[in-house]
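Just so we're aligned, residue 1 is where the sequence shown starts under our numbering, counting upward by one. Positions of the beta carbon are idealized from the N, C-alpha and C atoms, including for glycine. What follows is one structure encoded as C-alpha cells, with my remarks underneath.
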Amino acid sequence: MSEIKISCTARQQIETICDQCNNDPGELIHILHEVQHAVGFLPEDVQRVIAVKLRIPPSKVFGVVTFYTFFTMTPKGRHPISVCMGTACYVRGAEKILEELKRVLNIEVGETTPDGKFSLDCLRCVGACGLAPVVTIGDKVYGRLQSIEIKKILDALE
C-alpha cells in the first residue's frame, strides 16, 4: 500500500467522522456522505483512510463509492448542476436543457469548468416529475425549465 497523500486537516476530519460513528463498518454509507460533505469528494486516498479506520478492505469502500451516483471521486464545482434524465423529464425536453448547459458552460457531462464554478452531471430521477424538466443546482430545484432560461440562471449564480 502506497503512502496516503491528503492534508492533515482532511485526515483529521475523516477520522473524526469515523470516530463519531464508532468506526462501525455498518455506517459506511453515512460516513461516506459526511466525508464527501466535509472534504468535497472521495478520491482514493480518502477512501483508504476510511477503510483503515473501519478495518475493512479498500475495495469495499471503492465498491460503494462507485456504485452510488451521489458519490464522486473527482472535485465538483462550487455550483454542481444535475439534469434529471428520468422518463418525465426526458420526454419534456431534458435533453435540450442538457445540450444548452453543455454549450453555455463549454463542458461535457462529468466535467467541471476550468474556473471551478460549475460541474455538470445527470441524474436518473429527482422525484419532481410534475415539474419536468428539472435541473438541480446545488440544493435548489429548477422546474419546468426551457433552454432559453439557462444563461440567465447561470449568470445569477456568478
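Tell whether a beta-carbon distance below 9 Å holds between residue i and residue j.
i, j, result
"VAL49", "GLU15", "yes"
"GLY40", "LYS5", "no"
"VAL35", "CYS84", "no"
"VAL52", "LEU28", "no"
"ALA88", "CYS122", "no"
"ARG78", "LYS140", "no"
"ARG124", "GLY86", "yes"
What whole-angstrom Cβ distance do residue i and residue j have, given they're in contact under 8 Å?
i, j, result
"HIS33", "CYS21", "No, HIS33 and CYS21 are not in contact; Cβ-Cβ is about 11 Å, not under 8 Å."
"LEU120", "ILE81", "5 Å"
"ILE150", "GLU100", "5 Å"
"ALA38", "ILE17", "7 Å"
Could you tell me whether any non-hydrogen atom of the ligand SAH is closer than 8 Å to the CB of residue i?
i, result
"SER7", "Inclusion of the ligand SAH in the displayed structure is not the case, the ligand content being empty and no account of it being possible."
For this session: Jot down the residue ranges of each uninterrupted alpha helix (DSSP H) in the segment 87-142, minimum 4 residues, whole runs only, in chain order.
Result: 87-91, 94-105
For this session: Quick one: which unbroken alpha helix (DSSP H) runs of 4-plus residues sit fully inside the segment 31-91? Chain order, please.
Result: 44-54, 58-67, 87-91
For this session: Determine, using beta-carbon pairs with one atom in the segment 133-153 and one in the segment 93-104, whether at least three such pairs fall under 8 Å.
Result: yes
For this session: Decide if the segment 56-70 is in contact with the segment 102-110; the criterion is three or more beta carbon pairs, one per stretch, under 8 Å apart.
Result: no
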